[in-house]
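Chains A and B, in that order, are what the protein sequence lines are.
So for the first sequence, my numbering puts the first residue at 5; every next one is plus one.
So for the second sequence, my numbering puts the first residue at 5; every next one is plus one.
Where is the CB? At the ideal position from N, CA and C, for every residue including glycine.
Have a look at the structure below before the remarks.
Number of protein chains: 2
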Amino acid sequence: MKIGELAETSGVPAKTIRYYEEIGLLPPPEREANGYRSYDRDALQRLRFVQHAQAAGLTLREISQVLAIRSEGRAPCVHVRDLLHRHLVQIDERLAELRATKRELQSLARHADALDPADCPEDVICSILVRAG
Amino acid sequence: MKIGELAETSGVPAKTIRYYEEIGLLPPPEREANGYRSYDRDALQRLRFVQHAQAAGLTLREISQVLAIRSEGRAPCVHVRDLLHRHLVQIDERLAELRATKRELQSLARHADALDPADCPEDVICSILVRAG
DNA sequence: GTACGCCTTCCAGTGCACTGGAAGGTCAAG
DNA sequence: CTTGACCTTCCAGTGCACTGGAAGGCGTAC
Numbered sequence: 005m006k007i008g009e010l011a012e013t014s015g016v017p018a019k020t021i022r023y024y025e026e027i028g029l030l031p032p033p034e035r036e037a038n039g040y041r042s043y044d045r046d047a048l049q050r051l052r053f054v055q056h057a058q059a060a061g062l063t064l065r066e067i068s069q070v071l072a073i074r075s076e077g078r079a080p081c082v083h084v085r086d087l088l089h090r091h092l093v094q095i096d097e098r099l100a101e102l103r104a105t106k107r108e109l110q111s112l113a114r115h116a117d118a119l120d121p122a123d124c125p126e127d128v129i130c131s132i133l134v135r136a137g
Numbered sequence: 005m006k007i008g009e010l011a012e013t014s015g016v017p018a019k020t021i022r023y024y025e026e027i028g029l030l031p032p033p034e035r036e037a038n039g040y041r042s043y044d045r046d047a048l049q050r051l052r053f054v055q056h057a058q059a060a061g062l063t064l065r066e067i068s069q070v071l072a073i074r075s076e077g078r079a080p081c082v083h084v085r086d087l088l089h090r091h092l093v094q095i096d097e098r099l100a101e102l103r104a105t106k107r108e109l110q111s112l113a114r115h116a117d118a119l120d121p122a123d124c125p126e127d128v129i130c131s132i133l134v135r136a137g
């Protein structure tokens, strides 16, 4: 399977697949006589794994770690479990932040919608936004 | 007021204040005879405004736009109102994404917690994560 | 006079995940 | 024989918001 086909099948751009190889996320594949990359089914499986792991919120660096552990023959279960729990905490934090920002923004938007631009005082930069934060 | 004092008062590192000036977010301040930056109260107000606007989720680029509009003498109200509404939409999208990821992660974590590492089959990269995505 | 802390500029790097483009090789169809 | 799709490498840029460090000037206290 050439890189274009792998890209097509996986939905990951060829450029990105080469990039994954470059950063050591994917192992260098076999090459055809003409130098083209030749991928087997494992490559697709790995790539799908990367997509799954990304969907789960892991960074490429973390995915590399999991992949490396596995290629050493150890089962990455414990490691992955830790990663998952840590990510859940992070997501909760981020959710809380976002919700706070949203409340902030909603309050500002309500204020903005009720405001006549003519009322904008000259001495402050923006009377909508000075209420933020 | 020298940059260190402004940094102290605002909580924004001096390095960052210089960076803001460099990208045109803050206007170049007066200089003392020795070349030190000399800030007035307006500078602190602007810096606070930047912090508020950032807290509201605006990017530095957007904040620059608001500041630029204001410095042209026009009230940025309408512009800001649009920004706010667009940001609210973005935040809702991001919230939905995050919540989906969280559900994903929770399901994976439950699976991981219930799993004995010895059960990890050799032929898949990680039986926890193949379920993701 | 020297030590220390503050200030200056400038250049470069961080993190994250790509993405673009140039210059050129390969292969099958028309 | 040329066109076009595909592949290669390499270098460089994107976006966002900083951050680090070197090399040197300034100002005050001891």
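(request) Check the Cβ of B/THR105 against every Cβ in chain A and list those closer than 9 angstroms, keeping chain order. (result) Here the neighbours are ALA59, ALA60, GLY61, HIS91 and ILE95.
(message) Using 8 angstroms for Cβ pairs, my map puts A/LEU29 next to A/ILE67. What's the rounded Cβ distance?
(response) The pair is a contact, with the Cβ atoms about 6 angstroms apart (cut-off 8 angstroms).
(request) Give the residues of chain B in contact with A/GLN69, contact being defined as C-beta atoms less than 7 angstroms apart. (result) Residues of chain B passing the Cβ test: none, with the nearest at roughly 11 angstroms.
(message) Determine whether the beta carbon atoms of A/ARG41 and A/LYS6 lie at a separation below 8 angstroms.
(response) Judged by their CB atoms, A/ARG41 and A/LYS6 are nearer to each other than the 8 angstroms cut-off.
(message) If we require 4 or more residues per run, which alpha helix (DSSP H) segments fall completely within the region 63-113 of chain B?
(response) List check, alpha helix (DSSP H) in window: 64-75.
(message) Output needed in chain order: residues of the region 34-50 of chain A with a Cβ under 8 angstroms from some Cβ in chain B.
(response) For chain B, the residues of the region 34-50 of chain A that bring a beta carbon within less than 8 angstroms of one of its beta carbons are GLN49 and ARG50, in chain order.
(request) Measure from the alpha carbon of B/GLN58 to the alpha carbon of each residue in B/ASN38, B/TYR24, B/GLU97 and B/ALA104, then state which is nearest. (result) The candidate whose alpha carbon is nearest that of B/GLN58 is B/TYR24.
(message) Counting beta carbon pairs with one atom in the region 94-113 of chain B and one in the region 9-28 of chain B, are three or more of them shorter than 8 angstroms?
(response) They do not touch, by the three-pair rule.
(request) Using a cut-off of 7 angstroms between C-beta atoms, extract the partners of A/GLU108 located in chain B. (result) Per Cβ cutoff of 7 angstroms: ALA59 and ALA60.
(request) Would you mind working out which of A/THR105, A/ALA37 and A/VAL84 sits nearest A/PHE53, comparing C-alpha positions? (result) The shortest C-alpha to C-alpha distance from A/PHE53 to any of A/THR105, A/ALA37 and A/VAL84 is the one to A/VAL84.
(request) Mark B/ASP117 as exposed unless 16 or more other C-beta atoms lie within 10 angstroms of its C-beta, in which case mark it buried. (result) Burial call: exposed.
(request) Let me know if A/GLY39 comes out buried or exposed under the rule of 16 or more other beta-carbons within 10 Å of its beta-carbon. (result) Burial check for A/GLY39: the Cβ neighbour count within 10 Å stays below 16, so the residue is exposed.
(message) Between A/ARG65, A/THR63 and A/ILE21, which has its C-alpha nearest A/LEU48's C-alpha?
(response) Per the C-alpha coordinates, the member of A/ARG65, A/THR63 and A/ILE21 positioned closest to A/LEU48 is A/ILE21.
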